[in-house]
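> Pasting a structure here, questions to come.
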Amino acid sequence: MGRAVAHASGSAVFAPVDPPPPPLSRTLEVMTQPAYATPDPPRRPLSATAAANLPAGDDPEVVPPMGELIGVDLLENDGRRSRLELPASLWFTRMDPTVSAGIIGAAGNVAVNSAIASVREGDERLVVLSSSMSFLATVPPDGRPMVATGKVRHRAEDLLVAESEVADADGRTVALSQGIAMLRPGNPRPGAARRVERVLLTVLFSDVVGSTERARQLGDDKWNELLAEHHALIRRKLAQFKGREVKTTGDGFLCTFESPTRAVECAQAIRDGVRRLGLELYVGIHTGECEVGGGDIAGLAVHVASRLEATAGPGEILVSSTVRDLIAGSGATLVDRGAHELKGLDGAWLLFAVE
């Protein structure tokens, strides 16, 4: 849907090696692949307990599957506090011989989120609002445990602030983290069962003609301004003709209408409006049953409308014979475009262009 879901920034310091490495005194030899004691984390089997409890979220003592994959051992998670261990493994090194900052940061974030999760009640779910991490020192991959400790520092109704500290095996603090989260009712997860209804709708797909070339000609700033005007115009027309925006696809729109006549009239108004902006559209419209749920739609009708949009010429509004039959008597003028085979669909489809 094009929604921004997160924003991140960071900074790094390049430091010279002290002392500098000596010059090579001999030709490097090919080394044999070392054998590590720690098995490849992505291949490590999951316990049934972790996998079973993840969807339910009803056991704060169970480490999520990703935590098990990288060897997290949850030592404590109760009363606004959590503590976990993670081995400083050779598997967690990247371009230099130290444990990756991403792994250290993951440990800190798990500690923060576990501490917050320990105060949940019932089926409350955790919604992270912000997270920050400061790295203070590197950790050698010596196999000894790193310890991440998280604490809830402040709570105001459903808003919580937690902090964590990651220390190496010698007790030296190597990273500090802070997170702000909210507790919300329910526990929706990707893949969880959702209520899906089958509803008869008219589906409209639109896309800008030659958008890539136009963006290259105008440059990013002017193209983004033009695209914003395009989006605003379409949304005004959707409100006028009682359509619903399902999502945008870059410079395209997926919309639905309860009336096929209003969908066609809206498409005509949009086409005329964007022409005044110097743009042309491909538009496809089809009516059929759609699976509606979770703010999205799916089904054969959606696929047909998408294929019609892909078949349309510049500035053309293509509709199916189903739409043609349903809008009979509306006053719309249609031109027979003949039978077409549509990608991914069986048989030939009769298509009509709206003048």
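Numbering (the working numbering), first residue to last: 1362 to 1716.
Here a beta-carbon is modelled for each residue, glycine too, at the ideal position from N, C-alpha and C.
Do E1526 and R1514 have their CB atoms nearer than 9 angstroms?
In this structure, R1514 does not lie closer than 9 angstroms to E1526 by Cβ.
> What does the alpha-carbon distance come out to for the pair E1558 and R1596?
Using only the alpha carbons, I get a separation of about 25 angstroms.
> Which of helix, strand or coil does DSSP assign to E1590?
Of the three classes helix, strand and coil, the one that applies to E1590 here is helix, per DSSP.
> Taking only three categories from DSSP, how would you classify I1516?
The displayed chain sequence assigns Arg, not Ile, to residue 1516. Strand, per DSSP.
> Find out if the Cβ-Cβ distance for the pair G1504, S1450 is shorter than 9 angstroms.
Yes, the pair counts as a contact, with Cβ atoms nearer than the cut-off.
> So, are the CB atoms of L1679 and V1644 less than 9 angstroms apart?
Closer than 9 angstroms, so yes.
> Sort E1590, K1583, R1623 by Cα distance to L1599 and report the nearest one.
Selected option, being the one with the closest Cα: R1623.
> Taking all protein chains shown into account, decide if D1573 is buried (16 or more other Cβ within 10 angstroms of its Cβ) or exposed.
The displayed chain sequence assigns Thr, not Asp, to residue 1573. When all chains shown are included, T1573 counts as exposed.
> Evaluate the contact criterion for the segment 1653 to 1669 versus the segment 1577 to 1596: three or more CB pairs, one atom per stretch, below 8 angstroms.
Too few Cβ pairs lie closer than 8 angstroms, so no.
> Is it right to say L1447 is buried, meaning 16 or more other beta carbons lie within 10 angstroms of its own, or is it exposed?
It counts as buried.
> For A1536, which residues does DSSP report across the bridge?
Per DSSP, F1496, V1527.
> Could you give the C-beta distance for H1634 and L1594, rounded to a whole number, given that I count them as a contact under 8 angstroms?
Looking at the sequence shown, residue 1634 is not His but Gly. Indeed, because the Cβ distance is near 5 angstroms, the residues count as touching under 8 angstroms.
> Buried or exposed: which applies to N1585, given that a residue is buried once 16 or more other Cβ atoms fall within 10 Å of its Cβ?
Exposed is the call here.
> Would you check whether the ligand HEM has a heavy atom nearer than 8 angstroms to the C-beta of L1640?
No copy of the ligand HEM occurs in the structure displayed, which carries no ligand at all.
> Alpha carbon to alpha carbon, what distance is there between M1543 and T1410?
Confidence at T1410 is low in this model, with a pLDDT of 48, below 50, so its placement is unreliable and the value that follows should be read with caution. Their Cα atoms are separated by approximately 27 angstroms.
> If you compare alpha carbons, which of P1501, I1541, L1565 is closest to D1529?
Nearest C-alpha to D1529: P1501.
> DSSP three-state label for D1697, please.
Three-state result, D1697: strand.
> Which same chain residues end up closer than 7 angstroms to D1434 when comparing Cβ atoms and leaving out the 5 residues on each side of it in sequence?
Closer than 7 angstroms at Cβ, skipping near neighbours: L1445, E1446.
> Can you tell me whether T1348 is buried or exposed? The criterion is at least 16 other CB atoms within 10 Å of its CB, across all chains shown.
Nothing can be reported for residue 1348: it is not among the residues displayed for the chain, which extend from 1362 to 1716.
> In this structure, how does DSSP classify G1676 when only helix, strand and coil are distinguished?
Three-state DSSP puts G1676 in coil, outside helix and strand.
> What residue range is occupied by the uninterrupted alpha helix (DSSP H) comprising D1633?
D1633 -> alpha helix (DSSP H) spans 1621 to 1636.
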